[in-house]
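Contents: one structure, followed by commentary.
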Amino acid sequence: MSLGIRIILFGLGVILFGIIFELVRRRRFREELSIAWFGVSLMLMASSFADKVIDPFARRLGIGYPPALVFAWIIFCLILALLYFSSVISDLKGKIKELSQKIALMELEIDKRDSDPHEEPEEE
Amino acid sequence: MKHLVILPAFNEEMTVGSVIAETKQNIPFADILVVNDGSVDRTGPVARTQGVTVISHPFNLGYGAALQTGFRFAVRKGYHYAITMDADGQHISSSAQSLVEAMEEHDADVVIGSRFAGGGYKMGTLRKIGVMLFSLIARAYTGINITDPTSGFQLIRRSAFSYLAEGDNYPLDYPDVNIIMALHKKKFKIVEAPVVMEENRFGKSMHSGFRPVLYVIKMVLAIIMVLVRGTGR
C-alpha cells in the first residue's frame, strides 16, 4: 500500500470520527446509534496500518492491487452499518404506526367523552 | 411534602403486585406510580388491581425512558420528591427510610441507595469489576465515594428530577455513572445511603451475552460526552 493511500485512508477515518463525535456532542446524533459509525471510522484508520495483513491476504486471493481489498472491506463495513440503520428505521416505522393508531383511537375516545361525558369508556 | 414512588416495570406480572403491596406498607406517605414499559404480560392489569396509578408505554422504550416518564408525571403533578425503585422485587422498600434520613441529614438533592454500603450483597465477578470501575470514575470526577453507581434505588428532590425530566437529559436504557456525573456537573448534591437489595428473584439480567461489552462501550462514550458537553441542556 502506498504512503499516499495510507494517509488518505487514515485522514478519512479521522475526519469521519471527528464529524460523528461533534454530532453526538451537539446531541444531533444519539450515542447508541453512533457506535456503528465510530466502528466504521476506526476501521478506516486501522486499514491504513493493516498492509502487513492485507497485502499477503490480497495476493492469496489473487487480487493484483491490494488497496482494492481495503476498499472492498470498507464497503462491507458500510453495508453492515447500513443494514443496522435499516433495521433501526424498520423498528421506528413500526413504532410510529403503533403510536399513530393509539393516538387515533384515543382521539375517538376523547371526542366521544366530549359529546357524551356520562358514557362509560369502552374496555380495550 | 408530596412523595412519589416510581416503579418502572417490563414484564413483571409475577412480582409487581407484591412489590406494590410492600411499598404501600413500608412507604405509606408516598403515592405509587407504575410505568408499564410495553409489557406483553399482565403487568399493567395486575398493577391496576392494586389501586395505584399506571402509565403504559405503547411499546418497550427502555428502563431509563420509563423512569423519565415517571419524572415527567411527578413534575406535572407537583411532587416534591421521587423515589425510584425496581418492580422486580430487588429493592426492599423498607430501606427507603434510610434514603429519606440521608437527604434530611445532608440536605442532598439525590440520595443513591447502595447495596454495598451496608455489606452483605453478592454478585458475579465481572459485574463486580464493572461496578468498581464505574465507582472509581464517579469518585475521580465528583470527589464523592459512590460505591453503587448502578443502583436504581434513589430518592431525588424535585429540582433534580425536573432536570432529568427534560429532553435528552436521561438515557433511554440504563442510567449509570454518566447521570451521576451530569447531575454533579449541574451542581446537584449527591450522597449515598445504605439500602437492602435482593438478588433478582427470577434471575433476569441484562448482563448476558455480548450485551456487557456493548454496555461498557456505550457507557464510556456517555461518560466522554458528559465531560465534553457544556453545562447547558
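One line per chain: the protein sequences are C and D, in this order. With the numbering used here applied, the first sequence closes on residue 258, and no number is skipped along the way. With the numbering used here applied, the second sequence closes on residue 251, and no number is skipped along the way. A virtual CB, placed ideally from N, CA and C, is assigned to each residue, including glycine. Just so you know, these numbers come straight off a predicted model, no measurement behind them.
Subject >> Host beta strand (DSSP E) of proline 212 of chain D (start-end) >> reply: 208-212
Original post:
With 8 Å set as the bound, which would you pick, yes or no: does the beta-carbon of methionine 199 of chain D sit closer than that to a beta-carbon of chain C?
Top reply: Not an interface residue.
**OP:** Taking only beta carbons into account, state which residues of the region 163-175 of chain C come closer than 9 Å to chain D, listed in chain order.
**Re:** Arg164, Glu165, Glu166, Ser168, Ile169 and Phe172
**OP:** With valine 174 of chain C as the anchor, note down where its alpha helix (DSSP H) starts and where it stops.
**Re:** Valine 174 of chain C -> alpha helix (DSSP H) spans 165-181.
Original post:
leucine 232 of chain D: buried (16+ other C-beta within 10 angstroms of its C-beta) or exposed?
Top reply: exposed
**OP:** Measuring alpha carbon to alpha carbon, tell me which of D:Ala114, D:Glu210, D:Pro189 and D:Arg94 ends up nearest proline 46 of chain D.
**Re:** D:Ala114
**OP:** Measure the alpha-carbon distance for leucine 190 of chain D versus glycine 82 of chain D and round it to whole angstroms.
**Re:** Looking at the two C-alpha atoms, the distance is approximately 5 Å.
Original post:
Quick one: what's got a C-beta closer than 8 Å to lysine 165 of chain C's C-beta in the same chain, skipping five residues either side?
Top reply: One detail in the question is off: residue 165 of chain C reads as glutamate in this sequence, not lysine. Within the same chain, Val158 come within 8 Å of glutamate 165 of chain C by CB-CB distance, once the 5 residues on both sides are set aside.
Original post:
With a Cβ-Cβ cutoff of 8 Å, do valine 222 of chain C and leucine 150 of chain C count as a contact?
Top reply: no
Original post:
What separation, rounded to the nearest whole angstrom, lies between the Cα atoms of glutamate 232 of chain C and serine 153 of chain D?
Top reply: In a straight line, the C-alpha of glutamate 232 of chain C is about 40 Å away from that of serine 153 of chain D.
Subject >> Residue-level contact to chain C via CB, aspartate 186 of chain D, 8 Å cutoff >> reply: yes
Subject >> C-beta neighbour in chain D for glutamate 257 of chain C, strict 8 Å >> reply: Residue placement at glutamate 257 of chain C is flagged as unreliable, the pLDDT there being 49, under the threshold of 50; the coordinate-derived value follows with that caveat. Not one chain D Cβ lies under 8 Å of glutamate 257 of chain C.
Subject >> Closer than 8 Å to chain D by CB, leucine 233 of chain C >> reply: Yes - at least one Cβ of chain D is within 8 Å of the one on leucine 233 of chain C.
**OP:** Using DSSP bridges, identify the partner residues of aspartate 49 of chain D.
**Re:** D:Leu22
**OP:** Grab the span of the alpha helix (DSSP H) containing glutamine 108 of chain D for me, first residue to last.
**Re:** Per DSSP, glutamine 108 of chain D lies in no alpha helix (DSSP H) and is assigned neither H nor E.
**OP:** Please compile the residues from chain D whose C-beta is within a distance smaller than 7 Å of the C-beta of lysine 236 of chain C.
**Re:** Pro76
Original post:
Between the Cα of glycine 161 of chain D and the Cα atoms of D:Ile208, D:Asn29 and D:Leu51, which residue gives the shortest distance?
Top reply: D:Ile208
Subject >> Same chain only: Cβ atoms within 7 Å of threonine 168 of chain D, ignoring 5 sequence neighbours per side >> reply: For threonine 168 of chain D, where only same-chain residues beyond five positions count, the Cβ hits under 7 Å are Val149, Phe152 and Asp194.
Original post:
Cα separation between threonine 87 of chain D and valine 53 of chain D?
Top reply: Rounded to whole angstroms, threonine 87 of chain D to valine 53 of chain D spans 7 Å at the Cα level.
Original post:
Which word fits valine 234 of chain D, buried or exposed, when buried means at least 16 other C-beta atoms lie within 10 angstroms of its C-beta?
Top reply: exposed
Subject >> Cβ of arginine 240 of chain D within 8 Å of any chain C Cβ >> reply: In the sequence on display, residue 240 of chain D carries alanine and not arginine. True, the Cβ-Cβ gap to chain C drops below 8 Å.
Original post:
Measuring CB to CB, does glutamine 108 of chain D end up less than 8 Å from methionine 32 of chain D?
Top reply: no
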